[in-house]
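Student:
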Amino acid sequence: MPNTDRVRNGGFEQSTAPNLAPFWTGTGTTENSIDGDQLLGSTNGDVDQLQFISQQLLPLEVGEVYEFSAAFNFDVDPPTSGTIDVDITGVSLKRFQAVNMQSSGYAFYSFQFKASVANATLTITNNSDAQMDIDLISIFKK
Ligand SMILES: [Ca+2]
Ligand SMILES: [Ca+2]
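Residues in the sequence shown are numbered consecutively from 1, following our numbering.
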């Protein structure tokens, strides 16, 4: 079985700003190259304070190890408190301490997890006090 990305439209290149669709839903938006905030391509996600984005992942193989990866950018002011939360069904909530993340410019953050359910939903929530861009979200089997 090829190791395909379990996240669809993870770079938001299929989205027409400011809409999240296809695949993504939530209270966040997307931005296009006019804003100049993308890391790769012409579009990025924009997830500001208390906003979230979510999508149903392609099926996972239960018991297999996967790696979540995404690039985050605090594009206005650096965060001083709170967390960036990544929730995957069946996996303990991952909280990145925002104050310890790179304060400006994109940086990649990742973690590995073992799938416990086949049909999982990915939700990324900005619980920090700073505006945030996001691009290149992926989940590959290790
Ligand atoms: Ca992109
Ligand atoms: Ca932005």
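Ideal Cβ placement from N, Cα and C applies to all residues, glycine included. In this text the structure is predicted, and so the values were computed from the model without any measurement.
Under three-state DSSP, which class holds VAL91?
Tutor: Your numbering for residue 91 matches position 91 in the sequence shown. Of the three classes helix, strand and coil, the one that applies to VAL91 here is coil, per DSSP.
Student: Take ASP129 and list the residues in its own chain whose beta-carbon comes closer than 8 Å to its own, dropping the five residues that flank it on each side.
Tutor: Working through the sequence shown from its first residue, we reach residue 129 at position 129. Hits under 8 Å: GLN49, PRO79, THR80, SER81, GLY82 and ALA98.
Student: For PRO18 and ASN32, I'd like the C-alpha separation in whole angstroms.
Tutor: Residue 18 sits at position 18 when you count from the first residue of the sequence shown. Residue 32 sits at position 32 when you count from the first residue of the sequence shown. In a straight line, the C-alpha of PRO18 is about 8 Å away from that of ASN32.
Student: Does the beta-carbon of GLY45, which I'm using as the reference point, lie nearer than 6 Å to any heavy atom of ligand 1?
Tutor: Position 45 of the sequence shown holds residue 45. No, the Cβ of GLY45 stays beyond 6 Å of every heavy atom of ligand 1.
Student: I think ILE219 touches GLY10, with their Cβ atoms under 8 Å apart; what is that distance to the nearest whole Å?
Tutor: The structure shown does not extend to residue 219, since the chain is modelled only from 1 through 142, so no value can be given for it.
Student: CA-CA distance, PHE12 and ALA120?
Tutor: Stepping through the sequence shown from its first residue, residue 12 is reached at position 12. Stepping through the sequence shown from its first residue, residue 120 is reached at position 120. Straight-line Cα distance between these residues: approximately 20 Å.
Student: Rounded to whole angstroms, what's the CA-CA distance from GLN102 to ASN73? Just pull it up for me.
Tutor: Start at 1 with the first residue of the sequence shown, and residue 102 comes out as number 102. Start at 1 with the first residue of the sequence shown, and residue 73 comes out as number 73. Roughly 8 Å between the two C-alpha positions.
Student: Is it the case that the segment 104-113 contacts the segment 61-77, given that we only count it when at least three CB pairs across the two stretches are under 8 Å?
Tutor: Counting Cβ pairs under 8 Å, three or more are found: they touch.
Student: Starting from THR4, trace the beta strand (DSSP E) in both directions and tell me its first and last residue.
Tutor: Residue 4 sits at position 4 when you count from the first residue of the sequence shown. No beta strand (DSSP E) holds THR4; DSSP gives it neither H nor E.
Student: Can you give me the C-alpha to C-alpha distance between ASP180 and LYS141, rounded to a whole angstrom?
Tutor: Beyond the ends of the chain as shown, which are 1 and 142, falls residue 180; an answer cannot be given.
Student: Just to confirm, are THR43 and THR29 a CB contact at a threshold of 7 Å?
Tutor: Residue 43 sits at position 43 when you count from the first residue of the sequence shown. Residue 29 sits at position 29 when you count from the first residue of the sequence shown. Result no, Cβ atoms of THR43 and THR29 do not sit closer than 7 Å.
Student: May I have a chain-ordered list of the beta strand (DSSP E) segments no shorter than 3 residues that lie completely inside the segment 5-73?
Tutor: Those beta strand (DSSP E) runs which fall completely within the segment 5-73 and span 3+ residues are 29-32, 43-46, 52-56 and 65-73.
Student: Which residues share a DSSP beta bridge with SER110?
Tutor: Stepping through the sequence shown from its first residue, residue 110 is reached at position 110. The partner list for SER110 (beta bridge, DSSP) reads SER69.
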